[in-house]
Amino acid sequence: MSRAGKEKEREGEKLIVRNKRATFDYTLDDRFEAGLVLLGSEVKMLREGAAELTDSWCAIEHGEVFLKGVNIPVLTGAAFGHEPKRPRKLLLHESEIEAIRKGVEREGMTVIATRLYFKNGRVKAEIALAKGKKTVDKRESLKEKDAAREARAAIERARGGGDRGRGAAPRAEARREGRGEGRERTRRPE
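Following the working numbering, the numbering of the sequence shown begins with 116 at its first residue and continues without gaps.
Right, here's the structure in full:
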């Protein structure tokens with residue numbers, strides 16, 4: 116099951132896409148919920164779950180925040196289509212824009228999109244102030260994920276639910292190859 120499937124959906128929210136690289140490449144700080152200014156064909160494609168946030172970031176231009184690098188594929192057969200990677204305006208309060216601007220200018224942070232979702236029928240973007248991780252930090256993240264995965268597997272085995280259906284296949288394969296399971300196969304003289 117994908118991580119997006121495991122993530123609990125909040126009341127009235129339907130997840131469209133998550134930026135899986137965000138937590139790996141960045142240390143996330145403050146998060147903001149923003150509305151998006153979209154065209155009809157973009158909303159239709161988002162309802163189908165077609166979007167990619169991997170290379171997305173936000174820029175502040177003339178006191179407004181724009182989401183850039185988001186890829187929403189073109190709707191085939193649309194009379195008035197859209198550009199797949201055009202900048203999209205984010206709808207935020209002035210105080211939120213100011214907090215983002217201060218984080219970017221003073222602390223050298225960047226703003227990235229972490230997920231897109233529908234909330235009460237409207238498309239929302241969750242953006243976060245982020246600081247890039249160094250390679251050492253990325254290795255630590257991988258070690259933590261591996262340790263958590265091993266712990267889950269050990270708990271599952273302890274409950275008796277682990278390794279179901281995995282033990283029979285290697286034995287059957289060994290029989291087909293003539294090795295048997297732990298015993299030598301003798302040949303008759305011809």
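Glycine included, C-beta positions come from ideal geometry on N, C-alpha and C.
Since we're looking at a predicted model, the values are computed, not measured.
Can you find the residues in the same chain that come closer than 8 Å, C-beta to C-beta, to residue i, ignoring five residues on each side of it along the sequence?
i       : result
Arg-230 : Leu-130, Ile-131, Val-132, Arg-133, Asn-134, Leu-168, Ala-240 and Glu-241
Arg-118 : Unreliable placement is indicated for Arg-118, whose pLDDT of 43 sits below 50; no coordinate value is reported for it.
Considering only the alpha carbon of each residue, which of the options lies closest to residue i?
i       : options                               : result
Leu-205 : Ala-149, Thr-142 and Gly-275          : Ala-149
Ile-227 : Tyr-141, Glu-213 and Gly-127          : Tyr-141
Glu-61  : Glu-176, Gly-178 and Leu-154          : The structure shown does not extend to residue 61, since the chain is modelled only from 116 to 305, so the question has no answer here.
Gly-247 : Gly-196, Tyr-232, Gly-223 and Asn-186 : Gly-223
Leu-207 : Thr-191, Arg-146 and Arg-201          : Arg-146
His-177 : Gly-275, Lys-234, Glu-271 and Glu-213 : Glu-213
Gly-196 : Pro-188, Arg-272 and Arg-203          : Pro-188
Asp-170 : Pro-202, Gly-236 and Glu-179          : Pro-202
Arg-125 : Glu-271, Asn-186, Glu-179 and Asn-235 : Asn-235
Whole angstroms are fine: how far does the CA of residue j sit from the CA of residue i?
i       : j       : result
Glu-209 : Lys-217 : 12 Å
Ala-193 : Glu-157 : 10 Å
Glu-211 : Ala-266 : 39 Å
Asp-261 : Phe-139 : 13 Å
Tyr-232 : Glu-128 : 7 Å
Leu-151 : Leu-161 : 12 Å
Leu-190 : Arg-274 : 48 Å
Glu-220 : Ala-268 : 44 Å
Ala-174 : Glu-259 : 32 Å
Ala-263 : Lys-249 : 21 Å
Phe-181 : Leu-257 : 32 Å
Helix, strand or coil for residue i, going by three-state DSSP, please let me know.
i       : result
Gly-155 : helix
Phe-195 : coil
Ile-187 : coil
Ser-117 : Residue confidence is low: Ser-117 scores 41 on pLDDT, short of 50, so the model does not pin down where it sits. Its coordinate-derived value is still stated next. In the structure shown, Ser-117 sits in coil (DSSP, three-state: anything other than H, G, I, E or B).
Lys-129 : strand
Glu-241 : strand
Lys-135 : coil
Ala-263 : helix
Arg-221 : helix
Asp-170 : coil
Could you pull out every residue in the same chain whose Cβ sits closer than 6 Å to the Cβ of residue i, ignoring the five residues on either side in sequence?
i       : result
Ala-137 : Ile-227 and Thr-229
Asn-186 : Glu-167, Pro-199 and Lys-200
Say yes only if the C-beta of residue i is nearer than 7 Å to one or more non-hydrogen atoms of the ligand SAM, and no if none qualify.
i       : result
Gly-127 : This structure lacks the ligand SAM; in fact it carries no ligand of any kind.
Between which residues of its own chain and residue i is the CB-CB distance below 7 Å, once the five residues before and five after are set aside?
i       : result
Trp-172 : Lys-183, Gly-184, Thr-225, Val-226 and Ile-227
Ser-244 : Note that residue 244 is Leu in the sequence shown here, rather than Ser. Result list for Leu-244: Asp-144, Asp-145, Ile-215, Gly-218, Met-224 and Val-226, in chain order.
Val-238 : Leu-151, Leu-153, Val-158, Leu-161 and Leu-231
Glu-179 : Lys-204
Problem set entry | Meets three-Cβ-pair contact criterion under 8 Å: the segment 248-255 and the segment 161-176 | no
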